[in-house]
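In my numbering, the protein residues as written are 277 to 717. First up is the structure itself, then whatever we jot down about it.
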Ligand SMILES: Cc1cc2nc3c(=O)[nH]c(=O)nc-3n(C[C@H](O)[C@H](O)[C@H](O)COP(=O)(O)OP(=O)(O)OC[C@H]3O[C@@H](n4cnc5c(N)ncnc54)[C@H](O)[C@@H]3O)c2cc1C
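Here it is in structure tokens:
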């Protein structure tokens, strides 16, 4: 195969790699996606639980995830089919009461202001402090002169507000403990969710498992456009010639390539880039990204069992958010999400599931005992979104000509999310496309 006819090689079939593949295919380029595992989707993929398709982790999207929603439409998945869109309503239950934030039908950011002022379960002083915090950062454009931790950002907030609102939001969005999490990224999430349009803060709960929501239709799209997706295909090395990328290696197999997008997690990208002089410093930076876990415990109850809402927060125990999988057509199935590190990671699966079932029973005493469970631990669910992270996130272009980066950890400004992954893939694809287009004189 000559360099001119080489397809663009995309290493990694997670949401970032597939987003790049769809964007490039749609622009008329031939792509090959090489995925090391037996399945597409990476950290957002389907798992089997009995006869049900569940996910490796319960995912929640918000209305501000525009690129993700647009890309799903592009591969033929209509929003109404894939998502349940709910106006912002957060309910967090604790032993000593509950917080209920419900946004009225007002334009942004008034809807947030009204929700905080009406804040069910909060004392008057707490509501004013929450509103003051939101207003102050709105007026400052959600920008900090210098990044600090979320804990420092929230230093003047009452402890109940932190317990019921800010800390659950920090863990849910950044998957990093408030003492370490980047306040600047947290404020950016608040800005994108609340400052522009009311619809941005809508909660989007998938109705389809994560395989059907994008990776499978993306595969069809790429193949229909003449591209190829290969599973069980681990890229083991990059070949460089005359200072630019020449091929990828899969063990003994060589695949010639003039353009390669590495859409793999930072550690995997670091391993591939560390052997080449021009990219060794970049590899060092990527190797230093830390990771945080997310644990999901699925509990199966009789089909009549249901939660009072599609999603309920619990404070004070292991369980942070509970989802009623009725939304997916799986009545009786609940998903409990635990973001970040903690004592729960030390527990074996059985005692952890029993502990979660006990927490659910304490908050919803009319539920019967669960009949079955599945514990899914993702040890490297997201990159650790620490203070100063913005300065360490790499751009799509690398010092090695023809070699590009995509993935949720690149410099999208977002925490590790589907939207961050998709944005990075689409933006990277557009850069590659621009580079390959003949220059007009
Ligand atoms: C449990 C859990 C819950 C989450 N909850 C949410 C949520 O509620 N909302 C949200 O927006 N986000 C959530 N996320 C984050 C979101 O899933 C990720 O940010 C996103 O999936 C990352 O996509 P990616 O394509 O950047 O990386 P990945 O999904 O990691 O894709 C990289 C791919 O590269 C492959 N690969 C690695 N090395 C090689 C190699 N050498 N050769 C070939 N292939 C290789 C991997 O197998 C993988 O498929 C969650 C993640 C987890 C794990």
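By construction, the Cβ of each residue, glycine as well, lies at the ideal position given by its N, Cα and C atoms.
Under DSSP, the beta strand (DSSP E) around residue 532 begins and ends at which residues?
529 to 532
Let me confirm a value: residue 343 is counted as buried when at least 16 other C-beta atoms fall within 10 Å, else exposed. Which label applies?
buried
Could you have a look at residue 482 and say whether DSSP puts it in helix, strand or coil?
strand
On the DSSP letters alone, give me the boundaries of the beta strand (DSSP E) that residue 649 sits inside.
648 to 659
In this structure, how does DSSP classify residue 279 when only helix, strand and coil are distinguished?
With a pLDDT of 41 at residue 279, under the threshold of 50, the modelled position of this residue cannot be trusted, and the question is left open.
Return the CA-CA distance between residue 570 and residue 615, expressed in angstroms with no decimal places.
5 Å
Less than 6 Å between C-beta atoms, sequence neighbours within five positions excluded: which residues of the same chain meet that for residue 328?
606
Return yes when the C-beta of residue 332 is under 8 Å from any heavy atom of ligand 2, and no when it is not.
This structure does not include ligand 2; its bound ligands are ligand 1.
Does DSSP put residue 495 in a helix, in a strand, or in coil?
helix
Determine the burial state of residue 451: buried for a count of at least 16 other Cβ atoms within 10 Å of its Cβ, exposed for fewer.
buried
Which of the three DSSP states, helix, strand or coil, is assigned to residue 440?
helix
Excluding five sequence neighbours on each side, which residues of the same chain lie with their C-beta closer than 6 Å to the C-beta of residue 599?
334, 587 and 611
Tell me, which residues are paired with residue 574 by DSSP?
611 and 650
Ligand 1 and residue 291: does any heavy atom of the ligand fall closer than 8 Å to the residue's C-beta?
yes
What three-state label does DSSP hand residue 666 in the structure shown?
helix
Nearest by alpha-carbon distance to residue 271: which of 558, 470, 613 and 715 is it?
No answer is possible for residue 271: the residues shown for the chain start at 277 and end at 717.
Distance check for residue 603 and residue 498, CA to CA, integer angstroms please.
29 Å
Would you say residue 570 touches ligand 1, meaning its beta carbon is less than 8 Å from a heavy atom?
yes
Simplified DSSP assignment, three categories, for residue 462
helix
Boundaries of the beta strand (DSSP E) in which residue 679 is found, first to last residue:
679 to 681
Closer than 7 Å by C-beta to residue 625: which residues in its own chain qualify, once you throw out the five before and the five after it? Chain order, please.
651
Best match in 308, 320, 301 and 459 for proximity to residue 287 [C-alpha to C-alpha]:
308
Is any heavy atom of ligand 1 found at a distance shorter than 8 Å from the C-beta of residue 341?
yes
Residue 682 vs residue 697 beta-carbon contact at 9 Å
yes
For the pair the region 527 to 537 and the region 385 to 393, tell me if three or more CB-CB distances fall below 8 Å.
no
Residue 346 versus residue 448 - alpha carbon distance:
23 Å
Can you determine whether any heavy atom of ligand 1 sits closer than 8 Å to the C-beta of residue 541, and answer yes or no?
yes
Where residue 484 and residue 554 are concerned, what is the direct C-alpha to C-alpha distance, given to the nearest angstrom?
43 Å
Can you tell me whether residue 572 is buried or exposed, with buried defined as 16 or more other CB within 10 angstroms of its CB?
buried
Using 8 Å for Cβ pairs, my map puts residue 539 next to residue 296. What's the rounded Cβ distance?
6 Å
Note down, in chain order, each residue of its chain lying with its Cβ closer than 6 Å to the Cβ of residue 653, except the 5 sequence neighbours on either side.
571
Is it right to say residue 372 is buried, meaning 16 or more other beta carbons lie within 10 angstroms of its own, or is it exposed?
exposed
Please identify the residue among 496, 423, 694 and 589 whose C-alpha is closest to the C-alpha of residue 442.
589
Buried or exposed for residue 667, going by 16 or more other Cβ atoms inside 10 Å?
exposed
Any non-hydrogen atom of ligand 1 closer than 8 Å to residue 408 Cβ:
no
Please classify residue 619 as buried or exposed, where buried requires at least 16 neighbouring CB atoms within 10 angstroms.
exposed
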